[in-house]
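Below is one structure, written out as structure tokens; comments come after it.
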Amino acid sequence: MNFKQTYHKRKSIILIIAGMILALLLVYPYNKAVQYTSTNEYCFSCHVHDHAEESWRLSAHVNNSSGTMANCVDCHLPPKGHGYIWAKAKHGAKDIYGYLLKDHDKINWEAKRTIEKADQYTYESSCLNCHPNLFPATLSDEGVDSHLYYEHNQEELSCLNCHMHTGHYKKGFEHAQNMAFSDIETEEGERYTSAARIDTFANYTEYIPGSSVSFKMAAIPGGEFLLGSPKKEPLRKENEGPQVKVKLDPFFIAVTEVSWNEFLAWFNATTSEGRMEDGHQAEVDAFSGATPPWGAPDQGWGKGLRPAITMTHHAATEYCRWLSHVTGKKYRLPTEAEWEYAARGGTTGPYFFEGSPRDFTTSTLWNRLFGADTTTITANIIYKENSGLKTQLPSSVRANPFGLKNMLGNVAEFCLDWYAPNSYEQYQGLISNPTGPASGKEHVIRGGSFLSDAMDTRSASRAQTQTKNWLKTDPQIPKSIWWYSDATHVGFRVVCEPDSGLVMKR
């Protein structure tokens with residue numbers, strides 16, 4: 011080997027060694043940086059909102075009998091080798107942006123504690139990486155049923171559907187039967203011994219016998235109106251037409267949506283425990299009561315006068331049947347026509363107040379970028395933009411021309427009718443007291459909710475129950491007929507049919 015060859019060989023060896031040293035010098039700090047930015051302390055230095063660290067320390071991922079601990083990155087990043095570094099860079103950039111440029115005090119952190127939000131920052135692969143055995147020996151029968159259901163529906167479900175608050179504890183949200191849910195948030199008062207007596211067709215206050223709960227009913231005069239929306243109404247949908255001329259008899263309707271106080275009066279009266287006092291037990295024994303719910307149907311927002319939610323259409327119907335029995339009147343859910351007539355209050359526009367849904371909606375790019383004057387709509391409707399993504403008290407909005415509150419927004423409301431997208435096509439000419447299709451699989455819901463965009467809170471907007479989707483995470487087999495496990499935005503209000511002998515005047 012000549013000198014030139016020896017020189018090139020030594021040069022190559024030196025370059026290789028230098029490259030290895032340089033690589034080590036680069037990899038070492040890189041690994042150190044990755045390790046440091048993966049610690050809980052580093053995560054909490056950016057995630058400064060109130061509940062993040064405290065709720066984690068109270069959760070089953072820290073506060074458990076085994077002594078093991080799941081760290082932030084164990085849930086909020088995928089396992090290493092499954093896009094770990096990319097996810098870390100992506101979420102890290104977003105976190106730093108939010109930390110530096112957003113006002114933390116103006117962010118509604120509680121509203122972000124939803125499955126939809128959590129799904130964006132929690133990885134199913136990480137859950138299964140730590141919990142590869144879904145059927146441990148300690149698993150309850152309900153847990154076995156739930157995990158079997160999950161295995162057969164993994165395209166639709168995630169671990170979060172049932173274990174949303176496992177990593178960040180929230181009081182009352184254990185995935186178990188809530189035996190104490192029926193406590194009524196109301197001051198102790200005298201229990202009513204009889205229902206309201208009405209002799210004339212006028213507004214009245216109903217009293218639920220055996221309880222201290224009452225609610226107001228409004229007398230709605232009969233009349234004619236156009237059911238549905240005209241083709242030129244902004245942001246209308248095809249299931250809102252064709253418009254139909256409808257004639258309705260007079261009826262009474264609740265001024266507000268059925269509250270938790272009202273609904274729990276039925277729940278307590280018809281379950282095996284907590285029967286009505288003062289001799290009413292014998293009267294209600296014939297009514298089957300709802301089973302205790304799983305978790306917290308009120309979502310921790312409070313009960314009392316807030317609208318009751320998460321009950322099924324069947325439960326709402328049974329409530330009306332029981333209320334009819336204890337009051338001696340004819341209570342039921344409103345028909346779709348009655349509901350829209352009452353919601354409009356004699357008006358013919360998209361809402362019972364002035365304004366176009368095109369001006370209020372956030373579905374258009376212009377309004378998303380530049381905003382809109384929502385002063386009018388927020389004074390009248392609880393919807394996505396002013397609800398804080400939860401139900402609100404009826405006192406927070408104005409009444410419509412019939413004196414009714416939350417016909418639009420707050421919670422969507424069950425109607426008596428079966429749903430069909432072309433329901434109105436069956437009607438010809440002037441129709442008296444329509445009740446919708448003779449049969450169906452789902453029922454009509456109306457009014458939009460605290461989750462809805464402005465276009466879905468119009469008087470003519472229609473939707474339907476979604477029984478299968480709203481029972482995805484119910485762990486029971488068969489599924490509950492009383493409680494939806496995955497629908498927090500639907501409630502109802504009641505209608506009362508006037509007796510024929512009433513003096514018809516307001």
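Residue numbers (our numbering): 11 to 516. Don't be surprised by glycine CBs; every beta carbon is placed ideally from N, CA and C.
Rounded straight-line distance, which links the Cα of residue j to that of residue i
{"i": "S156", "j": "N74", "result": "22 Å"}
{"i": "S433", "j": "K415", "result": "27 Å"}
{"i": "P444", "j": "Y351", "result": "12 Å"}
{"i": "T210", "j": "I387", "result": "35 Å"}
{"i": "A422", "j": "T467", "result": "9 Å"}
{"i": "K104", "j": "A264", "result": "47 Å"}
{"i": "W376", "j": "A99", "result": "31 Å"}
{"i": "M465", "j": "S471", "result": "8 Å"}
{"i": "L232", "j": "K116", "result": "Checking the sequence shown, residue 232 turns out to be Gly, not Leu. Straight-line Cα distance between these residues: approximately 47 Å."}
{"i": "S366", "j": "P244", "result": "7 Å"}
{"i": "E287", "j": "G458", "result": "Low confidence applies to E287: its pLDDT is 38, below 50, so where it sits in the model is not reliable, and the reading given next is rough at best. Near 37 Å, if we compare the C-alpha coordinates of G458 and E287."}
{"i": "K241", "j": "G359", "result": "12 Å"}
{"i": "R285", "j": "S192", "result": "In this predicted model, R285 has a pLDDT of only 39, less than 50, meaning its place in the structure is not dependable; the value taken from the coordinates is given anyway. The straight-line gap from Cα to Cα measures roughly 12 Å."}
{"i": "T49", "j": "S136", "result": "16 Å"}
{"i": "R456", "j": "F363", "result": "18 Å"}
{"i": "I95", "j": "H57", "result": "19 Å"}
{"i": "A306", "j": "M321", "result": "12 Å"}
{"i": "T281", "j": "G93", "result": "51 Å"}
{"i": "H86", "j": "D259", "result": "57 Å"}
{"i": "G511", "j": "I208", "result": "10 Å"}
{"i": "R201", "j": "K340", "result": "22 Å"}
{"i": "H453", "j": "R503", "result": "15 Å"}
{"i": "F54", "j": "E248", "result": "49 Å"}
{"i": "Y179", "j": "Q486", "result": "23 Å"}
{"i": "E64", "j": "C172", "result": "21 Å"}
Contacting residues, own chain, Cβ-Cβ under 7 Å from residue i (five flanking each side not counted)
{"i": "E283", "result": "With a pLDDT of only 40 at E283, under 50, the local geometry of the prediction cannot be trusted, and the value read off the model is given with reservation. Around E283: no qualifying Cβ."}
{"i": "L111", "result": "none"}
{"i": "T176", "result": "S69, A70, H71"}
{"i": "G450", "result": "W428, Y429, A430"}
{"i": "I392", "result": "Q402, S406, V407, N416, G419, N420, F460"}
{"i": "G501", "result": "E267, V268, P317, A318, I319, V421, E423"}
{"i": "E197", "result": "Model confidence at E197 stands at a pLDDT of 49, short of 50, so the residue's coordinates are unreliable; what they give is reported in the following sentence. Around E197: no qualifying Cβ."}
Other residues of its chain near residue i: CB distance less than 6 Å, five sequence neighbours each side excluded
{"i": "D484", "result": "S490, S495"}
{"i": "Y329", "result": "W276"}
Limits of the unbroken alpha helix (DSSP H) element including residue i
{"i": "C137", "result": "134-140"}
{"i": "I106", "result": "94-111"}
{"i": "A353", "result": "346-354"}
{"i": "R472", "result": "Element bounds for R472: not the alpha helix (DSSP H) but the beta strand (DSSP E), 472-474."}
Helix, strand or coil at residue i [DSSP, three-state]
{"i": "M227", "result": "strand"}
{"i": "V254", "result": "strand"}
{"i": "T203", "result": "coil"}
{"i": "C425", "result": "strand"}
{"i": "H499", "result": "coil"}
{"i": "G511", "result": "coil"}
{"i": "Q438", "result": "coil"}
{"i": "L236", "result": "strand"}
{"i": "M174", "result": "coil"}
{"i": "F297", "result": "coil"}
{"i": "V83", "result": "helix"}
{"i": "S397", "result": "coil"}
{"i": "Q2", "result": "Past the boundaries of the shown model lies residue 2; the chain is included only from 11 to 516, so the question cannot be answered."}
{"i": "G419", "result": "strand"}
{"i": "V504", "result": "coil"}
{"i": "A517", "result": "Past the edges of the chain, shown from 11 to 516, lies residue 517, and the structure says nothing about it."}
{"i": "F261", "result": "strand"}
{"i": "W270", "result": "helix"}
{"i": "T210", "result": "strand"}
{"i": "Y341", "result": "strand"}
{"i": "M465", "result": "helix"}
{"i": "P307", "result": "coil"}
Chain-order list of residues whose beta-carbon lies under 8 Å from that of residue i (same chain, five-residue window excluded)
{"i": "P252", "result": "G238, Y434, E435"}
{"i": "T215", "result": "A206, S224, F225, K226, M227"}
{"i": "Y52", "result": "Y46"}
{"i": "V254", "result": "L236, L237, G238, Y434, Y437, I441, P444"}
{"i": "E134", "result": "S168, C169"}
{"i": "S204", "result": "Y217, P219"}
{"i": "W311", "result": "K400, T401"}
Nearest neighbour of residue i, chosen from the options [CA to CA]
{"i": "E507", "options": "H57, H71, F362, I230", "result": "I230"}
{"i": "A326", "options": "S298, K400, G312", "result": "S298"}
{"i": "W66", "options": "G439, G153, T47, K181", "result": "K181"}
{"i": "H59", "options": "Y109, H101, K90", "result": "Y109"}
{"i": "Y131", "options": "Y107, Q164, P88, H162", "result": "P88"}
{"i": "T337", "options": "N118, P219, D509, E63", "result": "P219"}
{"i": "A121", "options": "W492, V454, Q309", "result": "Q309"}
{"i": "T124", "options": "L481, G355, L399", "result": "L399"}
Segment limits, beta strand (DSSP E) that includes residue i
{"i": "E519", "result": "No information on residue 519 is available, as it lies outside the stretch 11 to 516 that the chain covers here."}
{"i": "R456", "result": "453-456"}
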